[in-house]
Amino acid sequence: MSDFWTQLIEYTNVIENETLDIDNPEHLLSKLLTHAEHERELLEAQFNPISSITKENLSIVSQLQNGISMAKKLLEQHEQLRIQERKLAIEIKSHENKAELNAQDFRTTVKRLNNTARIIDYLHCLETLLKYSSALKTSLSTESLDESLSIYTKLAHLTELVHDTSTEYLRSYSVNLTLYWYEQLKTVIDSRMEKILNTIEFPYVHKVPASHLNELFDKNRDKLKQELNYLLKLRLPNHIKHNDVQSRLRFIGWKPIPLLIQILLKGLIIRFNFHFYGKQKTNDRRKPEWYLNQIISWILDHDYFLIEQLQPLINEFSDVPPINVKVEFIRGLIELIIVKLDSQITSILIDTSLFTHYIEEILIFSQRLFVKDIDYPHNLPNCMNLLCDEIVFEKWFQVEQDVSRTKLNNIFQSPTAHQSVYERMLERTPDEIKISECAETFLTLLHAMEDRYRHVPYPSCSLRLFSLQIDLFDDFLHDLKISLNIEQQDIDPLSKHFCSILNSIVYIADVIQQWKNRSTRFCTAVSFATV
1 MSDFWTQLIE YTNVIENETL DIDNPEHLLS KLLTHAEHER ELLEAQFNPI SSITKENLSI
61 VSQLQNGISM AKKLLEQHEQ LRIQERKLAI EIKSHENKAE LNAQDFRTTV KRLNNTARII
121 DYLHCLETLL KYSSALKTSL STESLDESLS IYTKLAHLTE LVHDTSTEYL RSYSVNLTLY
181 WYEQLKTVID SRMEKILNTI EFPYVHKVPA SHLNELFDKN RDKLKQELNY LLKLRLPNHI
241 KHNDVQSRLR FIGWKPIPLL IQILLKGLII RFNFHFYGKQ KTNDRRKPEW YLNQIISWIL
301 DHDYFLIEQL QPLINEFSDV PPINVKVEFI RGLIELIIVK LDSQITSILI DTSLFTHYIE
361 EILIFSQRLF VKDIDYPHNL PNCMNLLCDE IVFEKWFQVE QDVSRTKLNN IFQSPTAHQS
421 VYERMLERTP DEIKISECAE TFLTLLHAME DRYRHVPYPS CSLRLFSLQI DLFDDFLHDL
481 KISLNIEQQD IDPLSKHFCS ILNSIVYIAD VIQQWKNRST RFCTAVSFAT V
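Taking my numbering, the leading residue of the sequence shown gets 1, the next gets one more, and so forth.
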């Protein structure tokens, strides 16, 4: 207790020293209270730091307290929102389940509707097909061909539309129905066409004067045009397979013969089959030239009618695909030949002599096709394609090789092989003409081979035949060298024999260079060989 009082006395003394008017008790007491308040604040600052914060700090603290209070409220609101979110999630899941059930019901309903729609479409297509069939039957019974073709066109179009359907029965039924009415219309049009062709005396199995053809054509032009219009409108859908739209030959690029040409060739086909099949004397397998020449005659006999009369008539139809009547007519006749040859080729291959004869006749026929009066396009398949068939070509190449080597051997067996071949013919001195017989004969052989192979359709086959000529050339040079060694052991460069051999080489080189400059096939074969 003594310490307390001691400190109190010291505290009072300090106040008294700081106070001037110590006699005024009120003033002293006020000073004492102020000092005590100051001391109290100091003590509070020591024991309670918050009490020492300035007013600004107190404001910040107040704001922080408000922020904390708001944060607590927000947390409470957040918790309420989470509770609401969980409730909504439960409700959404419930709605999703209900929606999925509704969607399944909807999909089932849509599927049923689609099936019903397909059934309706299916029944509608069947009804339409049956309606077209009934209408075609009625129109054909009344011989209304214009109406029949119009209905058939609609039927063919509907058949194309249902081609991609998944209903196998509908596809099959539409195709079979279209084929049936195609055959019915074809029979009717064929019969009508045959009558008009008989009226104009077609086909022409012998040469007919142009004046007579013009007279017949002019009288029946309108009727022929009408029947052609019917015939050209009769077409099958592209996806339908039928003998009329399928090629009879296996060659690449050989298209089926148009229906118009098939009808035009009908009479000639009957004659061809009668004469060159069966037991007729004209069906002689040793005489292929008989039917090859007959085909050439038929082409020439019908040339005027096809080019001058029928082609202009067909060109008047703008709503049908263009057709070159003469070319298609020739293709149809060539098809007859190839089918005939193909049926005999197996037995012909085992008889080399007969096979060689066939080769010669086919080459002659093929060359004749490209002469100006026939003018068959070079880019279209022909009988040469049959010769380029793998088995046939190997046999042909072997024959060419044997025959050419035999001819080459015969060249040097001639006693006048190294003598000038044109001295007497040109009546010049021996010193001016130096073309030996062996050189001229060899070049004639090469030129003949060049002509034979000119129309070979495939570059690979042309290259092999060209390589045969190269091999012959090597053999010829080798035989020249042997001939020189046999003639004299010590070669005299001034001897007549040696000069003849040198001149033969120079002459052959000059001629081959000329061939190279003007021969497209030669250049093509060389280019193909270097690839």
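Every residue gets a Cβ at the ideal spot worked out from N, C-alpha and C, and that includes glycine.
Status (buried if at least 16 other CB within 10 Å, exposed otherwise) for residue i
{"i": "residue 331", "result": "buried"}
{"i": "residue 144", "result": "exposed"}
{"i": "residue 517", "result": "exposed"}
{"i": "residue 178", "result": "buried"}
{"i": "residue 51", "result": "Confidence at residue 51 is low in this model, with a pLDDT of 49, below 50, so the placement of that residue is unreliable and no value is reported for it."}
{"i": "residue 329", "result": "buried"}
{"i": "residue 340", "result": "buried"}
{"i": "residue 366", "result": "buried"}
{"i": "residue 537", "result": "Limits of the chain in this structure are 1 at one end and 531 at the other, which puts residue 537 out of reach."}
{"i": "residue 469", "result": "buried"}
{"i": "residue 431", "result": "Model confidence at residue 431 stands at a pLDDT of 47, short of 50, so the residue's coordinates are unreliable and nothing is read from them."}
{"i": "residue 202", "result": "buried"}
{"i": "residue 398", "result": "exposed"}
{"i": "residue 98", "result": "exposed"}
{"i": "residue 180", "result": "exposed"}
{"i": "residue 395", "result": "buried"}
{"i": "residue 369", "result": "buried"}
{"i": "residue 84", "result": "exposed"}
Nearest neighbour of residue i, chosen from the options [CA to CA]
{"i": "residue 249", "options": "172, 335, 198", "result": "335"}
{"i": "residue 260", "options": "464, 194, 214", "result": "194"}
{"i": "residue 410", "options": "445, 393, 381", "result": "445"}
{"i": "residue 299", "options": "320, 268, 311, 278", "result": "268"}
{"i": "residue 442", "options": "468, 408, 120, 72", "result": "408"}
{"i": "residue 239", "options": "364, 90, 363, 176", "result": "176"}
{"i": "residue 264", "options": "228, 364, 356, 278", "result": "228"}
{"i": "residue 155", "options": "258, 167, 89, 132", "result": "132"}
{"i": "residue 214", "options": "306, 374, 378", "result": "306"}
{"i": "residue 343", "options": "297, 288, 38", "result": "288"}
{"i": "residue 393", "options": "345, 421, 414, 368", "result": "345"}
{"i": "residue 258", "options": "327, 122, 338, 283", "result": "327"}
Residue i in three-state terms, based on DSSP
{"i": "residue 420", "result": "strand"}
{"i": "residue 511", "result": "helix"}
{"i": "residue 366", "result": "helix"}
{"i": "residue 67", "result": "helix"}
{"i": "residue 280", "result": "coil"}
{"i": "residue 317", "result": "coil"}
{"i": "residue 414", "result": "coil"}
{"i": "residue 285", "result": "coil"}
{"i": "residue 144", "result": "coil"}
{"i": "residue 312", "result": "helix"}
{"i": "residue 253", "result": "coil"}
{"i": "residue 485", "result": "helix"}
{"i": "residue 122", "result": "helix"}
{"i": "residue 380", "result": "coil"}
{"i": "residue 324", "result": "coil"}
{"i": "residue 208", "result": "coil"}
{"i": "residue 61", "result": "helix"}
{"i": "residue 395", "result": "helix"}
{"i": "residue 106", "result": "helix"}
C-alpha gap between residue i and residue j, whole angstroms
{"i": "residue 128", "j": "residue 386", "result": "47 Å"}
{"i": "residue 476", "j": "residue 237", "result": "60 Å"}
{"i": "residue 315", "j": "residue 325", "result": "10 Å"}
{"i": "residue 231", "j": "residue 323", "result": "13 Å"}
{"i": "residue 359", "j": "residue 233", "result": "41 Å"}
{"i": "residue 124", "j": "residue 242", "result": "27 Å"}
{"i": "residue 531", "j": "residue 459", "result": "Reliability of the predicted coordinates at residue 531 is poor, the pLDDT of 48 falling under 50, and the value obtained from them is presented with this limitation in mind. Near 12 Å, if we compare the C-alpha coordinates of residue 459 and residue 531."}
{"i": "residue 251", "j": "residue 371", "result": "23 Å"}
{"i": "residue 456", "j": "residue 161", "result": "43 Å"}
{"i": "residue 67", "j": "residue 79", "result": "18 Å"}
{"i": "residue 220", "j": "residue 200", "result": "7 Å"}
{"i": "residue 450", "j": "residue 182", "result": "49 Å"}
{"i": "residue 112", "j": "residue 118", "result": "10 Å"}
{"i": "residue 62", "j": "residue 71", "result": "14 Å"}
{"i": "residue 349", "j": "residue 157", "result": "48 Å"}
{"i": "residue 500", "j": "residue 357", "result": "36 Å"}
First through last residue of the alpha helix (DSSP H) which encompasses residue i
{"i": "residue 447", "result": "437-452"}
{"i": "residue 235", "result": "Per DSSP, residue 235 belongs to no alpha helix (DSSP H) and is neither H nor E."}
{"i": "residue 180", "result": "168-199"}
{"i": "residue 290", "result": "288-301"}
{"i": "residue 372", "result": "Element bounds for residue 372: n/a, residue is neither H nor E."}
{"i": "residue 264", "result": "259-264"}
Minimum Cβ-Cβ distance from residue i to chain C less than 8 Å
{"i": "residue 143", "result": "Looking at the structure shown, chain C is missing, and only one protein chain is on hand."}
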